[in-house]
Structures are given as structure tokens and as C-alpha cells.
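One structure is given here, and the rest of the page talks about it.
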Amino acid sequence: MKKIIIFVLTLFISMFAHADMPQKLKNYFCTINKAELLIIDSNYREAISRYEEAGMQLGHLYIKDRYNYAVACAIEQQYAKCDEQIKYILSKGGKISTFQNNNAFNSFFKTKQGKQLIKCSSWIKQTYNETYQKKLDSLVSIDQKFRILPGGYTLYSDTIRLLDSLNVIEFNRLITIYGFPTEELIGVDSVRFNRPIYDLLIIHNRKGAKYRSFDFTQLMKTALDSGWLELHTAADYVEMSNGISTWGIEELRPLRCVYDSINMAACYGDQAIKPDYSHFPIGFSAMSSDAENNYNSKRFIYCLESVNEARRKALFQLKDTRFDFTYSKLDVFVTSKKVEYDNMMKYVIFLSN
Numbered sequence: 005m006k007k008i009i010i011f012v013l014t015l016f017i018s019m020f021a022h023a024d025m026p027q028k029l030k031n032y033f034c035t036i037n038k039a040e041l042l043i044i045d046s047n048y049r050e051a052i053s054r055y056e057e058a059g060m061q062l063g064h065l066y067i068k069d070r071y072n073y074a075v076a077c078a079i080e081q082q083y084a085k086c087d088e089q090i091k092y093i094l095s096k097g098g099k100i101s102t103f104q105n106n107n108a109f110n111s112f113f114k115t116k117q118g119k120q121l122i123k124c125s126s127w128i129k130q131t132y133n134e135t136y137q138k139k140l141d142s143l144v145s146i147d148q149k150f151r152i153l154p155g156g157y158t159l160y161s162d163t164i165r166l167l168d169s170l171n172v173i174e175f176n177r178l179i180t181i182y183g184f185p186t187e188e189l190i191g192v193d194s195v196r197f198n199r200p201i202y203d204l205l206i207i208h209n210r211k212g213a214k215y216r217s218f219d220f221t222q223l224m225k226t227a228l229d230s231g232w233l234e235l236h237t238a239a240d241y242v243e244m245s246n247g248i249s250t251w252g253i254e255e256l257r258p259l260r261c262v263y264d265s266i267n268m269a270a271c272y273g274d275q276a277i278k279p280d281y282s283h284f285p286i287g288f289s290a291m292s293s294d295a296e297n298n299y300n301s302k303r304f305i306y307c308l309e310s311v312n313e314a315r316r317k318a319l320f321q322l323k324d325t326r327f328d329f330t331y332s333k334l335d336v337f338v339t340s341k342k343v344e345y346d347n348m349m350k351y352v353i354f355l356s357n
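Counting in our numbering, the sequence shown runs from 5 upward without gaps.
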């Protein structure tokens, strides 16, 4: 049965595989990059124009981009556009609380239009395949069932390995039945718009994962070239699956190195009160100019922003949480040894602006 499913899935991939990403898709991602850089410069009105241009180029916006577009519209008090984007995201499974918890929308929700949206938000018709979404949600629940139990990986390692393998078979079977799980088809995670609901299934089958049972590289590469996933997510999944740093996704994540000779255990423990390390600067893994140029040349092919632009976006998002450019994760490395800390800092760079 497993061999049959893999064979059908291979046929499915081959039917849609592209040698290159379509030009209109590249144009879209290039335009979105311009919009995000305009947001960094607080030029929200011009960013709105770029989002609208991108939407016309492709015929739609990815949910991540709709969200940022809605934020910019709220800031610029273009409430009709803001209302339209929020309603669309809600129709794809988003929650009104996500917008209520973002202070960019405070003024919008004080308007008659905003108050009305709150009242009718639960009545908005869902425009995705709820059956498919529920089946994928079930796979994620199975994925987590034994992992989250006390002593999960130690006591239930064989069970986790078996369930992960069965999850992959079922995930691939569902794709052959319903098609690739795009945002349009299955909706979005209710609170995270930059990652699909099946994110953990891909993460737990990354190269080097202890219980890996399937290599998703080819499927994720096809998703990247076909636009089935948002660009940054797809690129991350490709690198995660094949273990090759093609675009430097991992190296471009912001990080903070911390020297703490007293509270180190508290940083990684379950204590309610964590040490405050906010005074330690945020930087990035250093890379040679040759490596940066190599990454930039490969990123340019897909209209991924340059290395320096990616770093700027990451820093911006950590400071201004109203927007989501997919760079929300901050890696924190704590050591109680000063020598080790000094050595780590030799491999970290900081942006001048």
C-alpha cells in the first residue's frame, strides 16, 4: 500500500513540476519584497500600492501578505480595504482575536465598520475544504500525542516512530486524493499565517531528524516552483528536507548570545519568571563575502530578498510585532562560561542600521 501511494504521489509531482518558477510568480514576490521594505521605512501608503500591484500580477495575495496589507491599511486608516482583507482571512480560518490583539487595528475596531465585523466574524462563511483541513489537523494531533507526554521521547520512542511513519503515508495519500494542501484549499493556521497547519509533519521529517520516514524534498521543491506555498515557507522546507543550505535560510535567523553565570538553567527551564536578556544585542551568523554573494545569486532567481534585506526585515519584525515577514523566531544561546561566550561572539555580526 505504501509503495502504491508513493508511486501515485510521484506521478502527481511530475504532472505539476516546473523547470523554473513562472515569471508572474517571480514578479509577485519581487513586488512583495518592495512592499515590505517600504514598511520598514514607514512608507505605508506606498506599501499599500505595492500590495495591490502584487495582487493584480498574480490574481491573489498569500495570507501572510494579506495580513501585512491589512495592517498597513489600518495604520493609514483605509478601513474599507482593511475590512475586506480581514474578512478574507477569516474565511480561510483566521481568528478575529488575532487582529484584536494587534494594536495596529485598535482604531479600526473603534469604527462602526470594525465593531460590526467583530459581531459578524463568527458567521463568515468558510471557503476552504473543511474535511481536508480536519484530516490534516488530526495528523498533527497524532504527531504530538506522545511527544508531549512526560518522558515522551524516552518512554514512547517506538510508538512515535511508528505513528510518524503512518502519518507520512496518510499525508501523501490525502495529497493524491485532494491535491497539494495550499492555503486556498485547506485554509490557514488560526493564529500563524506564515506556516501551514501541517508544519510539524515537515519539521519532523527534516534531514537528520531522529524519526524521519520520508524525504519531502521533491514535493517541497515542486511546491516552491509552482507557488503552492508562500516563498519563504517553501524555501525553508526545501532546505529543511534536503539538508542543503541553498539560500541560507538557517543562517539568516536572528540570534542573541548571552553570558549568564547565575541563571542559565532558568532560561531553558519551565520557570514562570525568565531572566531578562533584552540588553544583549541581536545579531546574525557571520558569513564571508563569497558566501553572501553565492546566496544572493541563488536568492535572486526566486526573488527572495537579499541577505542584507532579510536581516533588516528580521530585526524590524522583532521591534515592530504588528507585521509578520516570517522572521519572528529569535534564537537565544546562553552560556555560563565567559570564554565560551567570547568565542561565540567572534562569529556574530550586527547591522549598523
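Think of the CB as a built atom: it goes at the ideal place given N, C-alpha and C, for glycine as much as any other residue.
Quick one: grab the DSSP three-state call for residue i.
i                 : result
phenylalanine 320 : helix
leucine 15        : At leucine 15, the pLDDT of 49 sits below 50, so the modelled position is not reliable and the matter cannot be decided from this model.
isoleucine 353    : strand
methionine 348    : helix
serine 53         : helix
phenylalanine 327 : coil
tryptophan 127    : helix
methionine 244    : helix
glutamine 89      : helix
methionine 25     : coil
Quick one: is the Cβ of residue i within less than 7 Å of any heavy atom of the ligand GDP?
i            : result
glutamate 88 : With respect to the ligand GDP, the structure offers nothing, as it holds no ligand at all.
Residue i and residue j look like a contact to me (Cβ under 8 Å); what is the Cβ gap, rounded to whole Å?
i             : j                 : result
aspartate 69  : isoleucine 36     : 6 Å
valine 336    : phenylalanine 288 : Incorrect: roughly 14 Å between the Cβ atoms, too far for contact.
threonine 250 : lysine 302        : 6 Å
tyrosine 83   : threonine 115     : 6 Å
Grab the span of the beta strand (DSSP E) containing residue i for me, first residue to last.
i             : result
aspartate 335 : 335-339
In angstroms with no decimal places, state the Cα-to-Cα distance between residue i and residue j.
i              : j                 : result
alanine 290    : isoleucine 44     : 23 Å
isoleucine 248 : leucine 228       : 15 Å
aspartate 95   : isoleucine 179    : It is serine, not aspartate, that sits at residue 95 in the sequence shown. Looking at the two C-alpha atoms, the distance is approximately 22 Å.
glutamine 104  : aspartate 294     : 45 Å
arginine 216   : aspartate 162     : 13 Å
lysine 225     : glutamine 117     : 42 Å
aspartate 346  : leucine 355       : 19 Å
aspartate 141  : tryptophan 127    : 22 Å
tyrosine 160   : leucine 166       : 10 Å
lysine 341     : cysteine 34       : 44 Å
glutamine 222  : phenylalanine 112 : 43 Å
Who are residue i's beta bridge partners in DSSP?
i                 : result
tyrosine 263      : Thr339
phenylalanine 197 : Paired residue(s): none; phenylalanine 197 is not in a bridge.
glycine 287       : Leu259
How is the alpha helix (DSSP H) around residue i delimited, first residue to last?
i                 : result
aspartate 219     : Premise fails: aspartate 219 is in no alpha helix (DSSP H) and is neither H nor E.
lysine 138        : 134-149
phenylalanine 113 : 110-113
glycine 156       : 156-159
valine 75         : 67-79
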